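In my numbering, the protein residues as written are 52 to 234. All residues carry an ideal CB built from backbone N, CA and C; glycine is no exception. All values reported here derive from a predicted model rather than from experimental measurement.
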Amino acid sequence: MVYIEIVANNSMSLLTGLTALIILYYTKETWLLRKESQKQTELSIAPIMSLHVRYINGVKNEQERKSIREKYSITHQVETGIVPSEYYLALRNMGQGPALNVEVESDNFKVLRYQTQIFAAEPNADEHAIKIVKKPDNKIRSLGEVNGEEFVIKCKSISGKSYKYKYRISDLTTRSVEFVEVL
């Protein structure tokens, strides 16, 4: 009789312990599922900003082409003074959510002007130009000075999460831009 009581008590303890382990396992799995769901939701509304070197003559609308040449072309120095080049930098949101409060930073260049700092999401995304100048004197003496420069694009999603993307201009004249990393 005592033996049956000991087995019954131990079985009850064992059953309670197993139940606790199962509850802990399901709690952990639920937590992991919630985290993955949050990640998927954030990815579905995340902006993904990209940097491009564009030809001004590639702009189809003549009025817009003239505006970009006057306001956003990468200017440089020649014998006769400062002249606009045939190139400009453009930003584009390739993500599924809008990009808000967009800013671009660089160690050696600064952005003087943005066409906009709010970017729509795909499939309605547009490219928008930015005007850069070299620090500290606001002059680019040679277009080659832009080569190798890294630019960090910062923005926020609609949920307020911050994103940073780093790009390097490999060669301005061939319009070669390389993605470096997400910061």
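Residue i, enclosing beta strand (DSSP E) - first and last residue
{"i": "K215", "result": "213-222"}
{"i": "M100", "result": "100-106"}
{"i": "A141", "result": "138-144"}
8 Å contact criterion, which residue i and residue j should meet: CB distance rounded
{"i": "A141", "j": "F170", "result": "Not a contact, Cβ separation roughly 11 Å."}
{"i": "S221", "j": "E232", "result": "The pair is not a contact, with the Cβ atoms about 15 Å apart (cut-off 8 Å)."}
{"i": "S118", "j": "I107", "result": "No, S118 and I107 are not in contact; Cβ-Cβ is about 10 Å, not under 8 Å."}
{"i": "R219", "j": "E201", "result": "5 Å"}
{"i": "Y138", "j": "L223", "result": "6 Å"}
{"i": "K207", "j": "N152", "result": "5 Å"}
Euclidean distance between Cα positions of residue i and residue j
{"i": "P174", "j": "Q147", "result": "8 Å"}
{"i": "M100", "j": "Q128", "result": "30 Å"}
{"i": "I133", "j": "L194", "result": "12 Å"}
{"i": "L94", "j": "L75", "result": "29 Å"}
{"i": "K79", "j": "L72", "result": "11 Å"}
{"i": "V155", "j": "Q89", "result": "28 Å"}
{"i": "V197", "j": "T81", "result": "50 Å"}
{"i": "R164", "j": "T92", "result": "33 Å"}
Helix, strand or coil at residue i [DSSP, three-state]
{"i": "R226", "result": "coil"}
{"i": "N112", "result": "coil"}
{"i": "S45", "result": "As shown, the chain starts at 52 and ends at 234. That puts residue 45 outside it, with no answer to give."}
{"i": "I133", "result": "strand"}
{"i": "Y71", "result": "One detail in the question is off: residue 71 reads as Ala in this sequence, not Tyr. Helix, per DSSP."}
{"i": "M63", "result": "helix"}
{"i": "L234", "result": "coil"}
Test: residue i CB closer than 8 Å to a CB of chain C
{"i": "I99", "result": "Included in the structure is just one protein chain, with no chain C present."}
Exercise. At what residue ranges does the region 157-211 contain a whole run of the beta strand (DSSP E), taking only runs of 3 or more?
Worked result: DSSP runs (the beta strand (DSSP E)) wholly in the region 157-211: 160-165, 178-185, 201-207.
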